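Student: Start counting the sequence shown at 215; every next residue gets the next number (the numbering used here). Pasting a structure here, questions to come.
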Amino acid sequence: KDIQQSLADVSKDWRQSINTIESLKDVKDAVVQHSQLAAAVENLKNIFSVPEIVRETQDLIEQGALLQAHRKLMDLECSRDGLMYEQYRMDSGNTRDMTLIHGYFGSTQGLSDELAKQLWMVLQRSLVTVRRDPTLLVSVVRIIEREEKIDRRILDRKKQTGFVPPGRPKNWKEKMFTILERTVTTRIEGTQADTRESDKMWLVRHLEIIRKYVLDDLIVAKNLMVQCFPPHYEIFKNLLNMYHQALSTRMQDLASEDLEANEIVSLLTWVLNTYTSTEMMRNVELAPEVDVGTLEPLLSPHVVSELLDTYMSTLTSNIIAWLRKALETDKKDWVKETEPEADQDGYYQTTLPAIVFQMFEQNLQVAAQISEDLKTKVLVLCLQQMNSFLSRYKDEAQLYKEEHLRNRQHPHCYVQYMIAIINNCQTFKESIVSLKRKYLKNEVEEGVSPSQPSMDGILDAIAKEGCSGLLEEVFLDLEQHLNELMTKKWLLGSNAVDIICVTVEDYFNDFAKIKKPYKKRMTAEAHRRVVVEYLRAVMQKRISFRSPEERKEGAEKMVREAEQLRFLFRKLASGFGEDVDGYCDTIVAVAEVIKLTDPSLLYLEVSTLVSKYPDIRDDHIGALLAVRGDASRDMKQTIMETLEQGPAQASPSYVPLFKDIVVPSLNVAKLLK
Numbered sequence: 215k216d217i218q219q220s221l222a223d224v225s226k227d228w229r230q231s232i233n234t235i236e237s238l239k240d241v242k243d244a245v246v247q248h249s250q251l252a253a254a255v256e257n258l259k260n261i262f263s264v265p266e267i268v269r270e271t272q273d274l275i276e277q278g279a280l281l282q283a284h285r286k287l288m289d290l291e292c293s294r295d296g297l298m299y300e301q302y303r304m305d306s307g308n309t310r311d312m313t314l315i316h317g318y319f320g321s322t323q324g325l326s327d328e329l330a331k332q333l334w335m336v337l338q339r340s341l342v343t344v345r346r347d348p349t350l351l352v353s354v355v356r357i358i359e360r361e362e363k364i365d366r367r368i369l370d371r372k373k374q375t376g377f378v379p380p381g382r383p384k385n386w387k388e389k390m391f392t393i394l395e396r397t398v399t400t401r402i403e404g405t406q407a408d409t410r411e412s413d414k415m416w417l418v419r420h421l422e423i424i425r426k427y428v429l430d431d432l433i434v435a436k437n438l439m440v441q442c443f444p445p446h447y448e449i450f451k452n453l454l455n456m457y458h459q460a461l462s463t464r465m466q467d468l469a470s471e472d473l474e475a476n477e478i479v480s481l482l483t484w485v486l487n488t489y490t491s492t493e494m495m496r497n498v499e500l501a502p503e504v505d506v507g508t509l510e511p512l513l514s515p516h517v518v519s520e521l522l523d524t525y526m527s528t529l530t531s532n533i534i535a536w537l538r539k540a541l542e543t544d545k546k547d548w549v550k551e552t553e554p555e556a557d558q559d560g561y562y563q564t565t566l567p568a569i570v571f572q573m574f575e576q577n578l579q580v581a582a583q584i585s586e587d588l589k590t591k592v593l594v595l596c597l598q599q600m601n602s603f604l605s606r607y608k609d610e611a612q613l614y615k616e617e618h619l620r621n622r623q624h625p626h627c628y629v630q631y632m633i634a635i636i637n638n639c640q641t642f643k644e645s646i647v648s649l650k651r652k653y654l655k656n657e658v659e660e661g662v663s664p665s666q667p668s669m670d671g672i673l674d675a676i677a678k679e680g681c682s683g684l685l686e687e688v689f690l691d692l693e694q695h696l697n698e699l700m701t702k703k704w705l706l707g708s709n710a711v712d713i714i715c716v717t718v719e720d721y722f723n724d725f726a727k728i729k730k731p732y733k734k735r736m737t738a739e740a741h742r743r744v745v746v747e748y749l750r751a752v753m754q755k756r757i758s759f760r761s762p763e764e765r766k767e768g769a770e771k772m773v774r775e776a777e778q779l780r781f782l783f784r785k786l787a788s789g790f791g792e793d794v795d796g797y798c799d800t801i802v803a804v805a806e807v808i809k810l811t812d813p814s815l816l817y818l819e820v821s822t823l824v825s826k827y828p829d830i831r832d833d834h835i836g837a838l839l840a841v842r843g844d845a846s847r848d849m850k851q852t853i854m855e856t857l858e859q860g861p862a863q864a865s866p867s868y869v870p871l872f873k874d875i876v877v878p879s880l881n882v883a884k885l886l887k
């Protein structure tokens, strides 16, 4: 009351002084009247001690009694602003008196700034304060709200009078949100504890810390902070926007760095999936206040597209390098002194298919975390690179075979590792089908499938070449014994076919480690080649029988040996469910021509042979007749003329046996002599 009365008296004296000054024409008298105003202000000091209140306010601020400190600050500002308003109303141009009043209350602005500093410190730690001392946060908000009301009142008066006290409007509410926004940004940026140099998983750790901090902060804001702020502050909504914007800025910064492929995946997975998942913004504790559907993307589509392009480019280079390294590692195994490992079914294998498809699986699983579209692109990339890789694999397998043929003593386990290479082809096929079934949607399968026939073709070619190489091993060992067939030594009792059968069976004991599809084809090819080599021995005219007895003896020996071979290959083909007798029947059919005792029936017998085996040529028949040794010139001529009328039509299932048999240094003209 004393203060108010003093203010009233001062205002009254001030007005009287101003009126007197205006009525005086003599400047000297005006100075005298002005001294009266100074005296009035001096009288006010005795009642209203500004320095004392300033000290008290300062003490309260230091003690953390922010509400009491603010009350005293408001009293000081109210007194100052009241005096300045009266002065402005009576004489707005009198800056001297305004300066006098402002100087007298000069410490007031410093107190306001000091109090504001304390408020901002509390707000910077608001997420901690609201849990430990929510009352302090409420006090801060109340002070800000008071200041907002004073700002509004002063701005309303300004519209009427044009007067605005110094330091107004304070806009502490706006500054509060600025402080909170800066705090959020600092909190997000401060979560990076590691660098790539110190920890390869730096980005994963950084993003996980951000996820945890943001989720915890928003849960605290939703459950506790909203209780400390007036509803119209919409504190949770504002904080949510601040965190979202800070995260968007941080993600943009990370995206602009020179990220590695795995880091791009980590970033995009977090941005596109983790952020909107139940692990974060869709967490039940944030519902229903957080609607994921209303959140803008953390990264623009353009930035995401650039990152994906970079990722695909880097991944392509990585896959090429990984595949090359995997093949080089596998090649080192091929020359080992120890046999390759076998799978659970006992088939030889190397680790190459497992390594390759494990790498593909890992990259596809990673891509699937980002999007279905990226997963499909990565699958297409893997299949494309697989195609190129298999071509290199084929070349390396061929070189491996050629190197061995130059020195058959090396590598020590050539047969076993070639079997493993063959088996790998089947594993690759199965793995490709499995990969596509697992990661490819039906609607896009047409866009990827064309690569499959190409890969199957390459794999079949690798396996075929491998099987051919292994059979080459067999026939190199059989060469000496095959050369004995249809010779004088053979007729006199050679056991060449016995050795051939034992050798083939011994090799096929090793070939039992070949997977069934390839072993089946290999057995059939071995059977065909043995028969072809037998027939070749006939056509090379190594022997010419001199009598019916010799022809009979030789033919019967051929039939017995055909049965030997038939028994062997039936045994080897057991379980394949195929008729394997056809090849050996050819030897029997040729033996029947040789065994025939009535030369006049040769024409019919040969005609039957030609109709049965349409790839047989006239030089073959000439050689066969030469081996018989008794066909007349006219008979030979008749038979040859009949053959010239054209070969018989082959059945679709017929496998040619004679077409690759060359009759050396023997022509029809010589045979007819």
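Virtual Cβ for every residue (Gly too), placed ideally from N, Cα, C. This structure is a prediction, so every number in the text was calculated from the model and none was measured.
For S293, does the count of other Cβ atoms within 10 angstroms reach 16, so buried, or fall short, so exposed?
Tutor: The residue given as residue 293 occupies position 79 in the sequence shown. S293 is buried by the Cβ-count criterion.
Student: Any C-beta of chain C sitting closer than 8 Å to the C-beta of K703?
Tutor: Of the protein chains in this structure there is only one, and it is not chain C.
Student: Is the beta carbon of W548 sitting closer than 8 Å to the one on Y614?
Tutor: Along the sequence shown, read from residue 1 onward, the residue named residue 548 stands at position 334. Along the sequence shown, read from residue 1 onward, the residue named residue 614 stands at position 400. Yes, these two residues count as a Cβ contact at 8 Å.
Student: Where does Q301 land, buried or exposed, given buried means 16+ other C-beta within 10 angstroms?
Tutor: Looking up residue 301 in the sequence shown gives position 87. Q301 is buried by the Cβ-count criterion.
Student: If you compare alpha carbons, which of L351, F603, V268 is closest to Q441?
Tutor: The residue given as residue 441 occupies position 227 in the sequence shown. For Q441, the nearest C-alpha among the options comes from L351.
Student: Using the C-alpha atoms, what's the distance from P379 back to E270?
Tutor: As a working note, residue 270 is residue 56 in the sequence shown. As a working note, residue 379 is residue 165 in the sequence shown. Their Cα atoms are separated by approximately 23 Å.
Student: Would you say the beta carbon of S353 comes nearer than 7 Å to a heavy atom of the ligand NAD?
Tutor: Among the ligands in the structure shown, none appear at all, so the ligand NAD cannot be discussed.
Student: CB-CB under 6 Å to I714, same chain, minus the five flanking residues each way: which ones, in chain order?
Tutor: By 1-based counting over the sequence shown, the position of residue 714 is 500. Counting only Cβ-Cβ distances below 6 Å, and skipping sequence neighbours, we find L692, H695.
Student: Taking all protein chains shown into account, do 16 or more other C-beta atoms lie within 10 angstroms of the C-beta of I275, making it buried, or fewer, making it exposed?
Tutor: For this step, residue 275 is matched to residue 61 along the sequence shown. By the 10 Å Cβ count, I275 comes out buried.
Student: What does a CB cutoff of less than 8 Å around T528 pick up in its chain, not counting 5 residues either side in sequence?
Tutor: Here residue 528 corresponds to residue number 314 of the sequence shown, with the count starting at 1. Cβ neighbours of T528 beyond the five flanking positions: E474, A475, I478.
Student: Between I393 and the rest of its own chain, which residues show a CB-CB distance below 7 Å, the 5 nearest in sequence each way excluded?
Tutor: One-based indexing of the sequence shown puts residue 393 at position 179. So the list reads W334, L337, Q338, once near-sequence residues are dropped.
Student: Assign N637 to buried or exposed, taking buried as 16 or more other Cβ atoms, counted over all protein chains shown, within 10 Å of its Cβ.
Tutor: Residue 637 sits at position 423 when you count from the first residue of the sequence shown. Looking at its Cβ environment, which holds 16 or more other Cβ atoms inside 10 Å, N637 is buried.
Student: Does the distance from the CB of P567 to the CB of F642 come in under 8 Å?
Tutor: To locate residue 567, count along the sequence shown from 1; it is residue 353. To locate residue 642, count along the sequence shown from 1; it is residue 428. Result yes, Cβ atoms of P567 and F642 sit closer than 8 Å.
Student: Do R760 and G683 have their C-beta atoms within less than 8 Å of each other?
Tutor: Here residue 760 is taken as the residue at index 546 of the sequence shown, counted from 1. Here residue 683 is taken as the residue at index 469 of the sequence shown, counted from 1. Not in contact: R760 and G683 (Cβ atoms no closer than 8 Å).
Student: I need the DSSP call for A726, collapsed to helix, strand or coil.
Tutor: Against the sequence shown, residue 726 aligns to sequence position 512. Three-state DSSP puts A726 in coil, outside helix and strand.
Student: Could you name the residues that DSSP lists as bridge partners for A556?
Tutor: Looking up residue 556 in the sequence shown gives position 342. DSSP lists Y562 as the beta-bridge partner residues of A556.
Student: Under three-state DSSP, which class holds R285?
Tutor: The residue given as residue 285 occupies position 71 in the sequence shown. In this structure, R285 counts as helix in the three-state DSSP scheme.
Student: What's the call for V570, buried or exposed, on a 16-neighbour Cβ count within 10 Å?
Tutor: By one-based count along the sequence shown, residue 570 stands at place 356. Buried, since its Cβ has 16 or more Cβ neighbours within 10 Å.
Student: Is V245 buried or exposed, if buried means 16 or more other CB atoms sit within 10 Å of its CB?
Tutor: The residue labelled residue 245 in the question sits at position 31 within the sequence shown. Bear in mind that the predicted position of V245 carries a pLDDT of just 47, short of 50, making it too unreliable to give a figure here.
Student: Roughly how many whole angstroms lie between the Cα atoms of S708 and E698?
Tutor: Your numbering for residue 708 matches position 494 in the sequence shown. Your numbering for residue 698 matches position 484 in the sequence shown. Their backbone Cα atoms lie some 8 Å apart in a straight line.
Student: Pick out the complete alpha helix (DSSP H) segments inside the segment 525-602, 4 residues or longer, and give them in chain order.
Tutor: Within the segment 525-602, the alpha helix (DSSP H) runs of at least 4 residues that lie entirely inside it are, in chain order, 566-584.
Student: Taking all protein chains shown into account, decide if S412 is buried (16 or more other Cβ within 10 angstroms of its Cβ) or exposed.
Tutor: Against the sequence shown, residue 412 aligns to sequence position 198. When all chains shown are included, S412 counts as exposed.
Student: If the criterion is Cβ atoms closer than 8 Å, does the pair V745 and I801 meet it?
Tutor: In the sequence shown, the residue the question calls residue 745 occupies position 531. In the sequence shown, the residue the question calls residue 801 occupies position 587. With a cutoff of 8 Å on beta-carbon distance, V745 and I801 are scored as near each other.
Student: Can you have a look at D833 and say buried or exposed, based on whether 16 or more other CB atoms are within 10 angstroms of its CB?
Tutor: Locating residue 833 in the sequence shown gives position 619, counting from the first residue. The residue is buried, with at least 16 neighbouring Cβ atoms inside 10 Å.
Student: When the Cβ atoms of the segment 639-654 are set against those of the segment 584-595, are three or more pairs found closer than 8 Å?
Tutor: Yes, since at least three Cβ pairs between the segment 639-654 and the segment 584-595 fall closer than 8 Å, the two stretches touch.
Student: Run through the segment 707-772 for me and flag every whole alpha helix (DSSP H) of 4 or more residues, listed as ranges in chain order.
Tutor: 710-725, 730-753
Student: Within the chosen definition, does the segment 733-750 reach the segment 768-788 through at least 3 CB pairs nearer than 8 Å?
Tutor: yes
Student: Could you tell me the alpha carbon to alpha carbon distance between A254 and V344, rounded to whole angstroms?
Tutor: Against the sequence shown, residue 254 aligns to sequence position 40. Against the sequence shown, residue 344 aligns to sequence position 130. Since pLDDT at A254 reaches only 47, below the 50 mark, its modelled position is unreliable, and the value read off the structure follows with that caveat. Cα atoms of A254 and V344: separation of roughly 48 Å, rounded to the nearest angstrom.
Student: Does the segment 396-405 come close enough to the segment 449-465 to have 3 or more Cβ pairs within less than 8 Å?
Tutor: Yes: at least three Cβ pairs fall under 8 Å.
Student: Helix, strand or coil: which one does DSSP assign to S293?
Tutor: Position 79 of the sequence shown, counting from 1, holds the residue named residue 293. S293 falls in the helix class under three-state DSSP.
Student: Could you give the distance in angstroms between the alpha-carbon of K436 and the alpha-carbon of L280?
Tutor: To locate residue 436, count along the sequence shown from 1; it is residue 222. To locate residue 280, count along the sequence shown from 1; it is residue 66. Taking the straight line joining both Cα atoms gives about 25 Å.
Student: Can you tell me whether K242 is buried or exposed? The criterion is at least 16 other CB atoms within 10 Å of its CB, across all chains shown.
Tutor: Sequence index remark: in the sequence shown, residue 242 carries index 28 (1-based). At K242, the pLDDT of 44 sits below 50, so the modelled position is not reliable and the matter cannot be decided from this model.
Student: Among residues of its own chain, excluding the 5 on either side of L537, which ones have a beta-carbon nearer than 7 Å to its beta-carbon?
Tutor: Looking up residue 537 in the sequence shown gives position 323. So the qualifying residues of the chain are V570, Q599, F603.
Student: Evaluate the contact criterion for the segment 413-430 versus the segment 357-370: three or more CB pairs, one atom per stretch, below 8 Å.
Tutor: No: the two stretches stay apart, fewer than three of their Cβ pairs being nearer than 8 Å.
Student: Does the separation of the CB atoms of T530 and L595 fall below 8 Å?
Tutor: Here the question's residue 530 lines up with position 316 in the sequence shown. Here the question's residue 595 lines up with position 381 in the sequence shown. Contact: yes.
Student: Answer yes or no: do R562 and I633 have a C-beta to C-beta separation smaller than 8 Å?
Tutor: On the sequence shown, position 348 is the one that residue 562 refers to. On the sequence shown, position 419 is the one that residue 633 refers to. This sequence places Tyr at residue 562; Arg is not what is there. A contact, by the Cβ cut-off of 8 Å.
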